[in-house]
Amino acid sequence: MGRRYDTISFLTDYGTVDEFVGVVKSVIREIAPHATVIDLTHEVPPFDIRAGSLTLARTVAYLASGVVLAVVDPGVGTDRRCVAIEVADGEGVMVGPDNGLLAPAVAMAGGAGRAVVLSNTEYHLEAPGATFAGRDILAPVAAHLCNGVDLYELGDPIDADLLLPGVVPLPREEGGAIVGEVLWVDHFGNCQLNVGPDEVAHFGDVVKITVGELTGTPNTRVAKRADTFFDLGTGALGLVLDSYGMLALCLDRRSAAQELCIGPSDQVVLEPVSDDGGSAGGAVSVPVNLRIDR
Amino acid sequence: MGRRYDTISFLTDYGTVDEFVGVVKSVIREIAPHATVIDLTHEVPPFDIRAGSLTLARTVAYLASGVVLAVVDPGVGTDRRCVAIEVADGEGVMVGPDNGLLAPAVAMAGGAGRAVVLSNTEYHLEAPGATFAGRDILAPVAAHLCNGVDLYELGDPIDADLLLPGVVPLPREEGGAIVGEVLWVDHFGNCQLNVGPDEVAHFGDVVKITVGELTGTPNTRVAKRADTFFDLGTGALGLVLDSYGMLALCLDRRSAAQELCIGPSDQVVLEPVSDDGGSAGGAVSVPVNLRIDR
Amino acid sequence: MGRRYDTISFLTDYGTVDEFVGVVKSVIREIAPHATVIDLTHEVPPFDIRAGSLTLARTVAYLASGVVLAVVDPGVGTDRRCVAIEVADGEGVMVGPDNGLLAPAVAMAGGAGRAVVLSNTEYHLEAPGATFAGRDILAPVAAHLCNGVDLYELGDPIDADLLLPGVVPLPREEGGAIVGEVLWVDHFGNCQLNVGPDEVAHFGDVVKITVGELTGTPNTRVAKRADTFFDLGTGALGLVLDSYGMLALCLDRRSAAQELCIGPSDQVVLEPVSDDGGSAGGAVSVPVNLRIDR
Numbered sequence: 001m002g003r004r005y006d007t008i009s010f011l012t013d014y015g016t017v018d019e020f021v022g023v024v025k026s027v028i029r030e031i032a033p034h035a036t037v038i039d040l041t042h043e044v045p046p047f048d049i050r051a052g053s054l055t056l057a058r059t060v061a062y063l064a065s066g067v068v069l070a071v072v073d074p075g076v077g078t079d080r081r082c083v084a085i086e087v088a089d090g091e092g093v094m095v096g097p098d099n100g101l102l103a104p105a106v107a108m109a110g111g112a113g114r115a116v117v118l119s120n121t122e123y124h125l126e127a128p129g130a131t132f133a134g135r136d137i138l139a140p141v142a143a144h145l146c147n148g149v150d151l152y153e154l155g156d157p158i159d160a161d162l163l164l165p166g167v168v169p170l171p172r173e174e175g176g177a178i179v180g181e182v183l184w185v186d187h188f189g190n191c192q193l194n195v196g197p198d199e200v201a202h203f204g205d206v207v208k209i210t211v212g213e214l215t216g217t218p219n220t221r222v223a224k225r226a227d228t229f230f231d232l233g234t235g236a237l238g239l240v241l242d243s244y245g246m247l248a249l250c251l252d253r254r255s256a257a258q259e260l261c262i263g264p265s266d267q268v269v270l271e272p273v274s275d276d277g278g279s280a281g282g283a284v285s286v287p288v289n290l291r292i293d294r
Numbered sequence: 295m296g297r298r299y300d301t302i303s304f305l306t307d308y309g310t311v312d313e314f315v316g317v318v319k320s321v322i323r324e325i326a327p328h329a330t331v332i333d334l335t336h337e338v339p340p341f342d343i344r345a346g347s348l349t350l351a352r353t354v355a356y357l358a359s360g361v362v363l364a365v366v367d368p369g370v371g372t373d374r375r376c377v378a379i380e381v382a383d384g385e386g387v388m389v390g391p392d393n394g395l396l397a398p399a400v401a402m403a404g405g406a407g408r409a410v411v412l413s414n415t416e417y418h419l420e421a422p423g424a425t426f427a428g429r430d431i432l433a434p435v436a437a438h439l440c441n442g443v444d445l446y447e448l449g450d451p452i453d454a455d456l457l458l459p460g461v462v463p464l465p466r467e468e469g470g471a472i473v474g475e476v477l478w479v480d481h482f483g484n485c486q487l488n489v490g491p492d493e494v495a496h497f498g499d500v501v502k503i504t505v506g507e508l509t510g511t512p513n514t515r516v517a518k519r520a521d522t523f524f525d526l527g528t529g530a531l532g533l534v535l536d537s538y539g540m541l542a543l544c545l546d547r548r549s550a551a552q553e554l555c556i557g558p559s560d561q562v563v564l565e566p567v568s569d570d571g572g573s574a575g576g577a578v579s580v581p582v583n584l585r586i587d588r
Numbered sequence: 589m590g591r592r593y594d595t596i597s598f599l600t601d602y603g604t605v606d607e608f609v610g611v612v613k614s615v616i617r618e619i620a621p622h623a624t625v626i627d628l629t630h631e632v633p634p635f636d637i638r639a640g641s642l643t644l645a646r647t648v649a650y651l652a653s654g655v656v657l658a659v660v661d662p663g664v665g666t667d668r669r670c671v672a673i674e675v676a677d678g679e680g681v682m683v684g685p686d687n688g689l690l691a692p693a694v695a696m697a698g699g700a701g702r703a704v705v706l707s708n709t710e711y712h713l714e715a716p717g718a719t720f721a722g723r724d725i726l727a728p729v730a731a732h733l734c735n736g737v738d739l740y741e742l743g744d745p746i747d748a749d750l751l752l753p754g755v756v757p758l759p760r761e762e763g764g765a766i767v768g769e770v771l772w773v774d775h776f777g778n779c780q781l782n783v784g785p786d787e788v789a790h791f792g793d794v795v796k797i798t799v800g801e802l803t804g805t806p807n808t809r810v811a812k813r814a815d816t817f818f819d820l821g822t823g824a825l826g827l828v829l830d831s832y833g834m835l836a837l838c839l840d841r842r843s844a845a846q847e848l849c850i851g852p853s854d855q856v857v858l859e860p861v862s863d864d865g866g867s868a869g870g871a872v873s874v875p876v877n878l879r880i881d882r
């Protein structure tokens with residue numbers, strides 16, 4: 001027998017209107033009644049593997065040791081594989097489709113250990129249709145892992161290096177500017193960028209931000225570096241060090257995403273504020289040539 | 295004492311914006327701290343007994359043994375009865391209003407065993423108003439059942455045959471066609487029909503679908519039989535065997551409900567594709583007289 | 589060591605689309621795996637301290653003994669304090685920002701006992717940014733409380749009388765009328781008022797209701813007193829004794845908030861129905877001078 005786990009962290013694009021999440025938990029409950037399921041989110045946009053994988057990658061450092069059950073699976077029922085991957089010397093096991101959803105989180109957790117394709121149907125439920133692998137394959141596997149079934153019982157070992165990689169966009173430097181993108185817009189409208197604080201440290205306390213260049217509606221603003229939303233003051237755009245250590249475009253008590261009309265994957269260019277007509281120094285001022293949106 | 299239960303499966307139309315669900319769980323927690331509550335959904339459309347009863351009926355085979363607590367209760371506070379019904383030789387007990395909500399699930403679980411009306415107010419909470427039976431009557435009863443209180447302690451035995459039946463729409467045959475309806479539209483826009491695969495098996499791999507006849511805007515399409523969404527290919531309507539064993543109108547990564555402008559209870563007519571102008575054989579073709587939306 | 593707790597009741601404005609709630613639960617799970625978290629709601633409108641505090645105040649009488657973790661925190665990361673406050677002789681501890689969110693619930697629970705500001709960073713997580721106090725400060729503190737860490741271990745004692753008070757609006761009498769306001773609109777559109785049944789008892793079974801006076805679009809209706817929604821009959825406005833013992837403007841199976849175009853904080857004037865042109869007695873009639881919407 002393998003190691004026994006007590007917690008399943010659960011992420012999907014199922015939404016919460018249907019009973020999908022509840023049925024998966026019921027299946028787990030019948031097989032591994034001792035396991036506690038923690039919902040990370042079930043509101044990943046439908047089929048959005050990128051969003052799901054970024055959410056997992058952000059959160060993996062905070063997850064309780066145990067099983068991660070992740071389902072964003074447009075290829076459900078096809079020959080895309082379902083897999084289970086050990087991480088952190090078996091502290092955790094990630095279970096889901098092999099479509100790039102798990103890969104960034106596996107990397108953040110230190111890389112893959114043992115991995116299997118879930119080919120042993122003895123640990124699956126018999127299913128009337130092929131469209132609910134979360135219920136029929138992944139949930140029972142997660143529960144059996146909690147019961148101490150060894151990973152290699154669940155299917156054929158595979159080379160973790162051959163798993164489908166995820167796509168984590170990296171910023172690039174271009175003529176002194178950082179060309180990044182929005183990774184995530186949160187509930188409050190804060191726009192997390194794929195840019196860390198070190199990358200713009202030499203720009204100073206105020207950074208020039210341009211969005212919309214690729215869509216033909218460029219919008220340039222200045223953003224103040226700040227540690228809290230409140231420090232920005234009313235209506236001022238800011239670059240705040242967010243809770244995951246990345247820079248985020250933010251407003252105090254308002255949605256930066258709405259203000260800037262940007263969303264996930266949209267390009268954001270960060271530049272130092274120029275000497276002519278801008279504020280090169282410490283004091284924040286808004287150049288007159290900037291378009292200020294409502 | 296009766297049997298002790300560890301799990302309460304919980305379905306309502308309370309939504310998740312208010313604290314109703316949390317308060318019910320708090321009441322349960324105080325009375326039966328050992329019980330685990332599994333949310334099936336709380337997004338049944340307000341007062342929609344049909345939708346709630348179909349959700350329960352779909353899921354009952356997957357629920358953990360224990361108590362089912364279901365509340366869609368437009369008649370709350372009136373003389374409609376609250377009931378508890380044993381199913382599967384006491385493996386489960388369904389608790390809710392006697393308004394048809396529970397009946398289809400009871401039938402799916404093999405029929406009713408012992409049943410009581412919840413007339414013993416000793417097991418209820420005192421309440422300042424009459425509008426929250428979930429908190430004041432049903433939750434404490436579910437919790438006391440988990441603690442091993444016998445069903446007959448909770449109120450007066452009733453004849454389960456006299457419970458208000460639910461309404462499960464059946465398809466009918468009409469001149470070689472199957473006239474069915476949409477039971478459920480899921481988060482992804484898949485439209486589950488009240489039609490099983492056997493009923494259209496003789497139609498072959500392609501089926502003619504007509505919706506909107508009753509509203510004066512008939513729309514006829516062909517749908518391909520498929521096992522997975524992906525197999526449909528981009529933009530093609532399909533009849534997929536869904537995860538509950540029923541046929542569903544589906545598109546790959548798009549909403550069939552939006553594409554066809556249909557929702558729950560809407561009529562769907564399934565017919566064999568005719569010989570003239572249609573594809574009688576194996577290959578899928580789209581007759582030119584079909585209206586192709588967008 | 590202090591008292592050990594088993595339950596954390598959890599309320600935020602985080603929404604459920606992002607992983608915030610799940611990450612907080614993961615942090616709790618790692619520190620206090622025996623604790624059960626009950627979600628009250630995470631759909632408090634963003635930054636709406638008033639709505640959050642009223643929700644807590646309504647529900648506190650029903651909460652399981654243990655820790656209440658509440659986060660609506662527009663001042664996150666600033667010098668606003670995070671606090672923990674014992675209530676009910678240590679039956680409960682409320683943990684959250686000191687911004688008025690907790691105060692009404694503390695009062696409803698009988699007032700504050702010991703209180704501390706959460707200044708002992710040994711019980712916090714190290715954080716890459718300052719914007720997620722729920723994860724980095726409040727969640728670990730709540731979990732350590734569950735483990736039996738004494739309140740005074742968590743920081744410096746403070747005088748609970750100096751905590752920021754909440755604002756609970758009181759109705760006033762004005763020329764025989766009661767001038768109240770909407771405290772809360774629930775999922776079904778019922779509008780809870782800050783008016784109890786005793787305050788309008790002398791008005792009789794029918795009450796004149798005026799909304800919209802402050803916005804220049806006054807709308808006067810009569811509302812029937814009733815115990816259930818069903819008793820109102822189709823389309824008739826009612827004043828129903830709600831599940832928390834307050835009066836609520838309601839319709840049967842329809843949204844009173846939509847019908848009257850009102851929301852939280854909006855003024856509602858309640859008056860006896862006058863003798864001329866109105867119904868003074870028992871029978872309900874709708875005076876012809878009332879505007880009946882749709």
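If you're matching them up, the sequences are chains A, B and C in order. In terms of our numbering, the first sequence has 152 at position 152, counting the first letter as 1, and numbering is strictly consecutive. In terms of our numbering, the second sequence has 505 at position 211, counting the first letter as 1, and numbering is strictly consecutive. In terms of our numbering, the third sequence has 742 at position 154, counting the first letter as 1, and numbering is strictly consecutive. C-beta atoms are modelled at their ideal positions from N, C-alpha and C, and glycine is treated no differently.
Would you kindly work out how many angstroms separate the C-alpha atoms of residue i and residue j, rounded to a whole number?
i: CYS601/C; j: THR643/C; result: Correcting the residue identity first, residue 601/C is Asp in this sequence and not Cys. Cα-Cα distance, rounded: 12 Å.
i: GLY801/C; j: LYS812/C; result: Contrary to the premise, residue 801/C reads as Glu rather than Gly in this sequence. Taking the straight line joining both Cα atoms gives about 21 Å.
i: ALA433/B; j: GLY470/B; result: 49 Å
i: GLY192/A; j: ASP594/C; result: Reading the sequence as shown, one finds Gln at residue 192/A and not Gly. In a straight line, the C-alpha of GLN192/A is about 35 Å away from that of ASP594/C.
i: VAL534/B; j: LEU541/B; result: 6 Å
i: SER53/A; j: ALA397/B; result: 41 Å
i: THR816/C; j: LEU858/C; result: 20 Å
Kindly indicate the opening and closing residues of the beta strand (DSSP E) around residue i.
i: LEU69/A; result: 66 to 71
i: THR647/C; result: Taken as a continuous stretch (DSSP letters only), THR647/C belongs to no beta strand (DSSP E), being part of the alpha helix (DSSP H) at 637 to 647.
i: PRO391/B; result: 386 to 391
i: GLU674/C; result: 670 to 675
i: ARG250/A; result: One point to set straight first is that residue 250/A is Cys, not Arg, in the sequence displayed. Note, CYS250/A: beta strand (DSSP E), 247 to 250.
At the 8 Å Cβ level, is residue i part of the contact set with chain C, yes or no?
i: GLU468/B; result: no
i: GLU213/A; result: no
Taking Cβ positions only, does residue i come closer than 8 Å to chain B?
i: THR16/A; result: yes
i: LEU829/C; result: yes
Does residue i come within less than 8 Å of chain A when only Cβ atoms are used?
i: GLU714/C; result: no
i: PHE598/C; result: no
i: VAL611/C; result: yes
State the DSSP-derived secondary structure class of residue i, mapped to helix, strand or coil.
i: ASP560/B; result: coil
i: CYS734/C; result: helix
i: PHE426/B; result: coil
i: ILE178/A; result: strand
i: ILE431/B; result: helix
i: GLY282/A; result: Low confidence applies to GLY282/A: its pLDDT is 34, below 50, so where it sits in the model is not reliable, and the reading given next is rough at best. If DSSP states are grouped into helix, strand and coil, GLY282/A belongs with coil.
i: LEU305/B; result: strand
i: VAL400/B; result: helix
i: ASP627/C; result: strand
i: PRO785/C; result: helix
i: GLU122/A; result: helix
Going by DSSP, name the residue or residues bridged to residue i.
i: ARG592/C; result: According to DSSP, ARG592/C bridges with nothing at all.
i: PRO745/C; result: VAL704/C
i: GLN846/C; result: BP columns for GLN846/C are empty, so no partner.
i: ASN807/C; result: VAL799/C
i: VAL773/C; result: CYS779/C
i: ARG813/C; result: LEU827/C
From what residue to what residue does the alpha helix (DSSP H) around residue i run?
i: ILE616/C; result: 608 to 619
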